[in-house]
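Now the structure itself:
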């Protein structure tokens with residue numbers, strides 16, 4: 001349960017930080033649902049993008065493991 005709590009807190013902090021950056025960038029004093037939705041999408045697609053690039057890297061550079069007997 002502690003792991004899930006840490007995960008949710010981490011995601012919440014990332015969304016809040018990104019929404020704050022968006023509001024500051026747009027010179028707004030408040031964070032609206034639009035900033036929250038945009039930041040959520042940005043964070044989610046960023047993670048997906050990282051996973052895709054990692055898979056592409058792994059497929060290009062196959063790692064061979066050998067057992068020494």
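In UniProt numbering, the protein residues as written are 1 to 69.
Think of the CB as a built atom: it goes at the ideal place given N, C-alpha and C, for glycine as much as any other residue.
Note that the coordinates shown come from a computational prediction; the quantities given were computed from them, not determined experimentally.
Whole-number beta carbon distance between residue 45 and residue 18, since they are thought to touch under 8 Å:
Looking up residue 18 in the chain shown gives position 18. Looking up residue 45 in the chain shown gives position 45. That belief does not hold up - the Cβ atoms of residue 18 and residue 45 are roughly 12 Å apart, past 8 Å.
Quick check: what's the CA-CA separation for residue 31 versus residue 20?
Here residue 31 corresponds to residue number 31 of the chain shown, with the count starting at 1. Here residue 20 corresponds to residue number 20 of the chain shown, with the count starting at 1. Approximately 7 Å between the Cα atoms of the pair.
Own chain residues within Cβ distance below 7 Å of residue 38, not counting five before or after
For this step, residue 38 is matched to residue 38 along the chain shown. Answer for residue 38: 22, listed in chain order.
Can you find a C-beta in chain C that's less than 8 Å from the C-beta of residue 2?
Absent here is chain C; the protein component of the structure consists of one chain.
Assumed close pair residue 15, residue 34 - CB separation to whole angstroms, cut-off 8 Å
As a position in the chain shown, residue 15 is number 15, starting the count at 1. As a position in the chain shown, residue 34 is number 34, starting the count at 1. Distance from residue 15 to residue 34 at the Cβ level is roughly 13 Å; contact not present, criterion being Cβ atoms closer than 8 Å.
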